[in-house]
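This report refers to the structure that appears directly beneath it.
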Amino acid sequence: MSKRQVKIYPRFERIWHWTQALLIFALLFTGLGLNGLHHILPFGPAAMLHSAAAILLLVLWIFATFWLFTTGTWRQFVPTLDGLFGVVRYYAYGVFKGEQPPYLKILWRKHNPLQSLSYLGLKIAVFPMVWITGILYMTYNFWETVPNAGFYLNIVANLHLLAAYIVAAFVVIHIYMLTIGHGFRAHVKPMITGYDEIDLSPEEEAYLEKDEPWRLKKS
Amino acid sequence: MRYQRVLNGFAAGLALLTLSLGAQAQQSTAPDAPEIPVGATSTADHSKFAILQRDFTSGPEVTSACLTCHTEADDQMMHSIHFTWEFENPKTGQLLGKRHVINSFCGNVAGNEPRCTSCHAGYGWDDMSNPPPRQSTVGTGWDTTLPRPTPANGQNNAVDCLACHDRSGQYTKAATLAGHPPLNPMPDGLKTITGAKAWVVDLKRAAQSVGPTGRDNCGNCHFYGGGGDNVKHGDLSSVLYKPTKEVDVHMAADGLNFTCSTCHVADQHQIAGSRYDAMATDPHGTGKPGAARTTATCESCHSDRPHPIAASNPLEVLRGVKLNDHTNRVACQTCHIPEFARGGVATKTLWDWSTAGQLDNGKIIKREEYTQSDGKELHTYLSTKGDFEWGEDVVPYYSWFNGKVEYTMPETIIDPSKPVEINHIFGSADDPDSRIWPFKRMIGRQAYDAGFNKLAYSHVWGPETDTAFWTNFDWAKAIKAGMKAAGSDYSGEYGFVDTRMYWPIAHMVAPAEKALECKDCHAEDGRLEGLDGFYMPGRNPVSTAGIFGILMVLAALLGVLGHGLLRLVSNKKQGKNHE
């Protein structure tokens with residue numbers, strides 16, 4: 042095994058991540074304004090920006106989904122119990138004792154089990170809740186003729202709001218997690234440069250050296 | 002249809018008219034004629050008609066002359082609400098019209114006819130218990146060289162053609178002569194229907210001037226309803242004789258310069274638009290060939306998708322789409338008439354009749370404690386009428402409205418323990434035909450029959466009688482006489498009851514950039530705060546889901562703060578040991 046600087050976040054993933062982050066912040070900010078929680082932006086401009094950001098994020102997601110499936114990177118999000126307990130134990134206990142983080146990034150698995158479980162949860166529960174309620178909300182005029190549409194709109198709007206708050210809570214925890222282990226800068230840097238320190242098996246290293254040399258930073 | 006075509010044809014020509022009546026309200030000489038585009042689009046110049054080359058001595062004589070060519074106009078007019086003052090509401094079956102209703106302004110016509118029917122589009126209606134007279138015999142002195150246009154059989158010369166078609170600008174009706182114009186000899190102190198000192202009308206000049214209706218023709222009555230400028234409607238005032246774009250984007254003299262009839266299209270003297278049977282929305286069409294034109298709604302011209310979505314800026318496109326999404330729930334007027342009584346003329350917002358009759362040592366009290374923005378002092382108390390309140394730039398009262406209106410009729414049993422709705426407007430959030438509409442909500446306090454619990458008629462005008470309230474200040478006599486004039490049973494006891502009356506606001510459309518903004522409604526305590534039964538984003542940030550969500554985020558924050566704090570106190574080396 043040898044530690045090498047390997048490009049594990051290709052350009053698209055980084056653009057995806059940061060664009061998504063920006064749009065989620067824009068959506069949270071404008072959305073909370075639309076909800077009436079703040080009045081930094083007037084309602085009209087907030088509504089337009091919220092819709093625009095939502096449409097952009099939808100487009101980005103369509104690209105990302107396509108990208109995940111064509112590149113096979115969707116496997117990164119397949120949940121595993123392997124090592125999950127160790128990670129949970131570390132965050133709940135070990136971190137206070139100054140223990141080493143129990144999980145090391147390997148080439149085909151850049152998220153720790155807790156991370157991939159959380160991201161999977163986001164992807165299959167929270168984000169769909171946001172999208173489904175958001176699209177229903179936005180297209181209210183197409184279904185307002187169904188009986189009790191006003192009542193359903195109320196439900197849709199409140200579920201959308203709830204989903205938004207779950208995303209907000211996730212963002213809080215997500216950012217905090219960056220401060221654990223390697224430290225904030227060490228965590229954020231790979232999401233900017235794409236390179237992270239990875240333990241490579243001799244076979245992996247040989248493969249990368251031969252077939253994907255661009256992924257290895259010359260040390 | 003012929004008349005309608007002529008009307009439409011003249012719309013462009015009328016755009017050239019300069020109306021000056023508004024500025025001349027106080028003068029006693031006849032106002033100057035507005036510029037008449039004779040021959041501009043019409044094939045007739047009435048000043049060349051032989052039958053009009055003479056001195057007329059009465060209004061009906063002019064009508065007789067008109068009817069020799071316009072053979073069906075009298076019959077058409079006599080079936081119009083302008084003449085009958087009667088309207089059967091197809092939605093409720095109620096028989097309405099000024100002839101039948103009691104309102105919260107001047108009350109009732111019965112018993113006060115010569116005063117009230119001064120705005121009647123006919124001559125000589127001085128008895129409400131009978132329909133308006135069809136023929137008038139007033140006037141003699143025809144030029145014997147001309148065929149004498151006395152009404153032929155079936156011809157109805159009590160119709161007042163000039164009230165609506167005079168374009169000389171100097172035709173008017175006297176305030177107290179049951180529809181007749183001021184002519185020589187003129188009673189002392191006579192006023193016109195707009196409250197100006199009366200002048201002698203030149204009927205010949207008026208007859209030769211006729212053309213399609215101008216704003217002055219409609220406005221001279223409709224702007225002065227309820228006893229003064231803008232008193233009644235709130236969105237119809239003398240400002241509309243010559244409004245700026247800010248006040249009315251359609252009627253602005255330096256803009257589109259619409260007349261009333263541009264929207265209130267007439268067909269055989271039936272004029273589109275009704276406050277009794279309102280169109281809360283217009284499902285009929287947008288003025289395409291063959292589409293219904295007997296509508297006077299915004300949608301008739303602007304469609305139900307009025308906001309542009311072809312802008313170059315994507316955000317503007319989103320804006321247009323979102324605004325168009327509102328049209329099936331919000332009337333155009335709601336956003337586009339942000340306030341009424343704009344342009345400098347106030348509207349009466351409260352009229353309390355119960356305080357009328359107070360005298361100062363037998364003398365009439367007049368207080369003028371409201372100053373209109375143009376500097377004019379308005380009455381806040383009159384011994385004849387009671388207490389008033391006024392408003393300018395008034396924020397409307399908003400309500401769901403589907404066009405159905407039910408009136409509290411003189412025979413309706415009321416509950417005097419709470420405010421009586423003179424007209425109840427129908428509609429709700431659950432009703433797909435309802436829109437959120439702006440209204441002027443008139444607050445009133447008026448007489449009622451305390452024995453039978455119904456609204457009371459009162460006899461207020463009639464200088465020579467000993468029952469008229471305005472000369473005798475005795476409610477008991479005035480109400481008894483009013484009930485008698487209307488043929489209504491009277492218990493003999495009267496009281497005063499709080500009333501509310503709703504006037505849909507549809508005029509004084511502001512330019513688009515002055516329309517309401519989203520935040521005016523989408524906010525806590527926004528303009529629609531009083532409306533329930535629907536979900537509107539922005540009005541309730543602390544809903545159950547909202548509170549739950551906020552608690553969840555707070556819990557996450559507290560969790561990470563606690564976690565971080567524990568890390569700090571438990572292991573100082575944490576974060577440095579993995580370099």
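For the protein sequence lines, the chains are A and B, in the order given. Add 41 to the 1-based position in the first sequence for the working numbering, that's all there is to it. Add 1 to the 1-based position in the second sequence for the working numbering, that's all there is to it. For each residue, glycine too, the CB sits at the ideal point set by N, CA and C.
For residue i, write down the residues that DSSP places opposite it in a beta bridge.
i: A/R256; result: DSSP, once it has assigned bridges, lists no residue as partnering A/R256.
i: B/R368; result: B/Y382
i: B/G387; result: B/L383
i: B/A197; result: Its beta-bridge partners do not exist; DSSP assigns none.
i: B/Y408; result: B/N424
i: B/T348; result: B/G392
i: A/I239; result: A/R45
i: B/K455; result: B/D450
Could you check what DSSP says for residue i in three-state terms: helix, strand or coil?
i: B/Q156; result: coil
i: B/I437; result: strand
i: B/N104; result: coil
i: B/H425; result: strand
i: A/E246; result: helix
i: A/A95; result: helix
i: B/Q373; result: coil
i: B/R330; result: coil
i: B/D490; result: coil
i: B/V395; result: strand
i: A/I81; result: coil
i: B/A357; result: coil
i: B/E1; result: The structure shown does not extend to residue 1 of chain B, since chain B is modelled only from 2 through 580, so no value can be given for it.
i: A/P308; result: As shown, chain A starts at 42 and ends at 260. That puts residue 308 of chain A outside it, with no answer to give.
i: A/F221; result: Note that residue 221 of chain A is Ile in the sequence shown here, rather than Phe. In the structure shown, A/I221 sits in coil (DSSP, three-state: anything other than H, G, I, E or B).
i: B/S262; result: helix
i: A/D123; result: coil
i: A/E140; result: coil
i: B/Q271; result: strand
Answer yes or no: does any C-beta atom of chain A fall closer than 8 Å to that of residue i?
i: B/G539; result: yes
i: B/R436; result: no
i: B/Q28; result: For B/Q28, the predicted model reports a pLDDT of 43, less than 50, meaning its position is unreliable; a value from the coordinates is still stated below. B/Q28 does not count as touching chain A.
i: B/V561; result: yes
i: B/G321; result: no
i: B/A430; result: yes
i: B/G565; result: yes
i: B/A281; result: no
i: B/L558; result: yes
i: B/V39; result: Because B/V39 sits at a pLDDT of 42, beneath the cut-off of 50, its placement in the model cannot be relied upon, and the point is left open.
i: B/S571; result: yes
Using the Cβ count rule (16 or more neighbours within 10 Å means buried), how would you classify residue i?
i: B/V421; result: buried
i: B/E393; result: buried
i: A/R226; result: exposed
i: B/N424; result: buried
i: B/W352; result: buried
i: B/Q359; result: exposed
i: B/S130; result: exposed
i: B/V570; result: exposed
i: B/C261; result: buried
i: B/P244; result: buried
i: A/S242; result: exposed
i: B/S105; result: buried
Would you verify that the beta carbon of residue i is, or is not, closer than 8 Å to some beta carbon of chain B?
i: A/S43; result: no
i: A/F137; result: yes
i: A/N153; result: no
i: A/L75; result: yes
i: A/I6; result: Chain A is shown from 42 up to 260; residue 6 of chain A falls before or after that span and cannot be answered.
i: A/T71; result: no
Under 8 Å, Cβ to Cβ, is there at least one residue of chain D near residue i?
i: B/R568; result: Here the protein chains are A and B, and chain D is not one of them.
Listed in chain order, which residues of the segment 527 to 553 of chain B have Cβ atoms closer than 8 Å to some Cβ of chain A? G534, F535, Y536, P538, G539, R540, N541, P542, S544, T545, A546, G547, F549, G550, I551 and M553
Identify each residue in the segment 81 to 97 of chain A for which the Cβ-Cβ distance to at least one residue of chain B is less than 7 Å, and report them in chain order. P83, F84, G85, A88, M89, S92 and A93
What are the residues of the segment 118 to 134 of chain A that lie near chain B, defined by any Cβ-Cβ distance shorter than 7 Å? none
Can you list, in chain order, the residues of the segment 502 to 531 of chain B whose Cβ is nearer than 8 Å to any Cβ on chain A? Residues E518, C519, K520, H523, A524 and E525.
Using a Cβ-Cβ cut-off of less than 8 Å, give me the residues of the segment 177 to 209 of chain A that come near chain B, in sequence order. For the segment 177 to 209 of chain A, the residues whose beta carbon sits under 8 Å from a beta carbon of chain B are, in order, Y181, N182, E185, T186, G191, L194, N195, A198, N199, L200, L202, L203, A205, Y206, I207 and A209.
According to a CB-to-CB cut-off of less than 7 Å, which residues of the segment 226 to 242 of chain A neighbour chain B? none
Anything in the segment 322 to 351 of chain B with a Cβ closer than 8 Å to a Cβ of chain A? List those residues in chain order, please. K323, D326 and N329
Residues, ordered as in the chain, of the segment 299 to 317 of chain B that lie near chain A by beta-carbon distance below 7 Å: P315 and L316
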